[in-house]
Structures are given as structure tokens and as C-alpha cells.
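Asks:
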Amino acid sequence: MSLHPLLLVRQPSPRLSEGILTHLSPRTADPPTLARSLAQWKAYVDVFRQRGWDVIEVEAADECPDGVFIEDAVVVFPGEPGVVMLVRSGSEERRKEYATAKSAVEEHLVKKRGFELVDFYDDKVDSTGHATMDGGDVLKVAKEKTVYVGLSGRTNKEGVEVIKREMGMKRGWKVVTVDMGGKGWLHLKSATTALPCGSHFLLAAMQGGASRPDSKTLRIKEEGETPWIEVAEDEGVAVVELGGKDVLLSSSAPRTKAQLEAQGWNVITADVADFEALEGCVTCLSVRVR
1 MSLHPLLLVR QPSPRLSEGI LTHLSPRTAD PPTLARSLAQ WKAYVDVFRQ RGWDVIEVEA
61 ADECPDGVFI EDAVVVFPGE PGVVMLVRSG SEERRKEYAT AKSAVEEHLV KKRGFELVDF
121 YDDKVDSTGH ATMDGGDVLK VAKEKTVYVG LSGRTNKEGV EVIKREMGMK RGWKVVTVDM
181 GGKGWLHLKS ATTALPCGSH FLLAAMQGGA SRPDSKTLRI KEEGETPWIE VAEDEGVAVV
241 ELGGKDVLLS SSAPRTKAQL EAQGWNVITA DVADFEALEG CVTCLSVRVR
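Residue numbering for the sequence shown follows the UniProt record's numbering, starting at 1 and increasing by one per position.
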């Protein structure tokens, strides 16, 4: 039986405005509000529902301001069987999100879809107890069976070693480490993401005063290997594959929308401005299982 694509999401916490900021300053003129954030979140989820995705709402974590950014807690790799990783965040404040994420993963991915579980809190996976990773640092190009992992303030060398062992040595993925140190981005996917099948890599414009990234500084692809698109707005760097030529993009990036449409993509937009004010984007609001 063919399964529908699955979306894991978590409603925003009433404490959303207290979320951790690392590179952006608090938005004082028009700060996020719970009512508006919830409306934006529901509209975002509806984009997937309307396309036939099964939506699973992970148990609310009202005590966790950043809990809505569920992608940071769960990393999914396609395959037969697929692999799902429950990671230990490099932010101690965000580790409270783990328990509810684990319950959802075990029920909907491991039990119902046969995924293999790799849990950073399992001594057999990380005997040191020090490996950290955020899902925002993990960029997969499944067609090439390649994963790029950002070494950042949230993802350490021990965390990268877990992926190298579990996905590289055991399952044949190519694992490429990208050193994000000192470049001024929270995560790897704050600076770059890939369009479906890795056809293009997108590069952020200039996030939080950081220097403009390029393929040489990111060391993701050799020059000439894959076309790069330097997006017109920071918010335009994040794209979500919806199926076929459809991609989801923030409505805050109209010029990037035009860039992608010129490349032949059908661009659907969602207003996620309240989450962008907290260093979030259209990718980190969900975990997609295809």
C-alpha cells in the first residue's frame, strides 16, 4: 500500500516571543503575537493538507518557546527502510523538546512506517553523551545519497561523527562536513538549501550582517558542478519540495519567487514572518516524510 507523504508539526507555544535569538535583534516595532503566529502556522500547514499530505501534530510543548521549529529535533533519511534521528540540540534550553518528539517519531515513523531509529540519547549511538546536532544543520540531496552537515554552534564534531557512522559507514551515504564557524549563520540551512534533486543550490543574500556566502566558503560543491542561485532576499534561501515542480517559499521573498519561476518552478508562498523574526523559516516548521 502506498503511503501519503507525512508532515510532523507542532503548534507554536504561548511563549514563542521568548524564543532564542543568535544573530537577529528582537523585532520591537511589530513583535510576534500568538494569535498571528498561530494563524500563519495554520495557513502553512494547510499548504500541505491541500496537497494530500497526512499531518501529524506533535504534542504541544508550551514551556518550550522554540518548540514549533520541530525540524531541529528530528532528522529523516529516505530509504528502504528509512532512518529517523532524534538529536540532542546544541542548545540546552531546547532539549526539553525531545520527549514529545520521541513519542511522535516512535508511533508514526518507527511503528507505522518501519523507520529505523537512531537516538542521540542512546548510549549505543553516542557513548560520550556529548554529541549535539540541530536538524537545521542537515541538508540532504537524496538522489545523490549525499548529506551536508553544518558544523555550527548547535552541531558539534561528535554529532557529525554520529551521522558519518550511522549514515556513511552503515548505510552508504556520502557525508560532507561544512564548517559554519564565524560565518554569522545559525544553521547551515540559514545560508543554503537545495532545490528538488539537488538541481540547484540556493545561497542566502546577507543574513544578520554576515558576509555573503558563496560556494567556495561553504565548500558544498565544486565550481561548475551544480548551478548556484544567489537569492535576492535572506528569506528566499529556504525552500520546501512539495512534489513535482511545486516548491514552498516565504511570502517575504517576492524577488526570489520571480527568480525561481524563471527557472521553471511553480512557487507557492506562505506568510511566516513571525517565525522569521525568531530566525525560523519554511523548512524548520516541519519534518517532511516522503
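Even glycine gets a Cβ: it sits at the ideal position worked out from N, Cα and C.
With 16 as the cutoff for other CB atoms within 10 Å, does arginine 88 come out buried or exposed?
Replies: Label assigned to arginine 88: buried.
Asks: Since aspartate 271 is in the beta strand (DSSP E), which residue starts that stretch and which ends it?
Replies: No beta strand (DSSP E) holds aspartate 271; DSSP gives it neither H nor E.
Asks: Output yes or no for whether 9 Å exceeds the beta carbon distance between valine 237 and arginine 255.
Replies: Taking 9 Å as the Cβ cut-off, valine 237 and arginine 255 do not qualify as a contacting pair.
Asks: Quick check on aspartate 72: does DSSP put it in helix, strand or coil?
Replies: If DSSP states are grouped into helix, strand and coil, aspartate 72 belongs with the helices.
Asks: Write down the C-beta distance between leucine 249 and lysine 257 rounded to the nearest angstrom, noting that I regard them as a contact closer than 8 Å.
Replies: Contact holds; Cβ gap of about 6 Å.
Asks: What's the C-alpha gap between leucine 242 and valine 267?
Replies: Leucine 242 and valine 267: Cα-Cα distance of roughly 10 Å.
Asks: Histidine 23: which of Val287, Ala277, Trp173 sits nearest, CA to CA?
Replies: Ranking the options by Cα distance to histidine 23, first place goes to Ala277.
Asks: Three or more C-beta pairs closer than 8 Å, one from the region 97-108 and one from the region 134-147: is that the case here?
Replies: As far as the Cβ criterion goes, the region 97-108 does not touch the region 134-147, which means the pair count is below three.
Asks: The beta strand (DSSP E) spanning lysine 140 covers which residue range?
Replies: Its beta strand (DSSP E) spans residues 138-141.
Asks: Quickly, what does DSSP pair leucine 248 with across the bridge? List them, please.
Replies: For leucine 248, which the question treats as bridged, DSSP gives the partners Val240, Ile268.
Asks: State the CB to CB distance for the pair histidine 130 and glutamate 158, rounded to an integer number of angstroms; the pair is presumed to be in contact (CB under 8 Å).
Replies: About 5 Å separates the two Cβ atoms, so the contact holds.
Asks: Tell me the residue span of the alpha helix (DSSP H) that contains glycine 159.
Replies: Segment 157-163, the alpha helix (DSSP H) holding glycine 159.
Asks: With H, G and I counted as helix, E and B as strand and the rest as coil, what does DSSP make of tyrosine 121?
Replies: Correct three-state label for tyrosine 121: coil.
Asks: Where are the beta strand (DSSP E) runs, 3 residues long or more, that stay fully inside the region 12-47, in chain order?
Replies: You should have found no qualifying run.
Asks: In angstroms with no decimal places, state the Cα-to-Cα distance between lysine 174 and tryptophan 185.
Replies: So the alpha carbons of these two residues sit roughly 24 Å apart.
Asks: What three-state label does DSSP hand lysine 174 in the structure shown?
Replies: It is a strand residue.
Asks: To the nearest angstrom, how far is the alpha carbon of leucine 6 from that of cysteine 284?
Replies: The alpha-carbon atoms of leucine 6 and cysteine 284 are separated by roughly 15 Å.
Asks: Ordered along the chain, which non-local residues of its own chain (more than five positions away) have a Cβ less than 7 Å from that of serine 91?
Replies: Around serine 91: Ile20, Arg154.
Asks: Return the first residue and the last residue of the beta strand (DSSP E) that residue 336 is part of.
Replies: With the chain covering only 1 through 290, there is no way to say anything about residue 336.
Asks: What is the DSSP secondary structure of glycine 153, counted as helix, strand or coil?
Replies: Here glycine 153 sits in coil by DSSP.
Asks: Is it a yes or a no for the region 6-16 touching the region 56-76, going by three-plus beta-carbon pairs under 8 Å?
Replies: Enough Cβ pairs lie closer than 8 Å, so yes.
Asks: Please specify which runs of the beta strand (DSSP E), each continuous and at least 3 residues long, are wholly inside the region 63-118, giving them in chain order.
Replies: Fully enclosed beta strand (DSSP E) runs of 3 or longer: 74-77, 83-86.
Asks: Between the Cα of leucine 117 and the Cα atoms of Val76, Thr192, Gln263, which residue gives the shortest distance?
Replies: Taking only the C-alpha atoms, the option nearest leucine 117 is Val76.
Asks: Does the Cβ of methionine 85 have 16 or more other Cβ atoms within 10 Å, making it buried, or fewer, making it exposed?
Replies: Methionine 85 is buried by the Cβ-count criterion.
Asks: So, using beta-carbon positions, are isoleucine 229 and leucine 203 closer together than 9 Å?
Replies: Their beta carbons are under 9 Å apart, which means isoleucine 229 touches leucine 203 by this criterion.
Asks: With a 10 Å radius around its C-beta and 16 neighbouring C-beta atoms as the bar for buried, classify cysteine 197 as buried or exposed.
Replies: Cysteine 197 comes out exposed.
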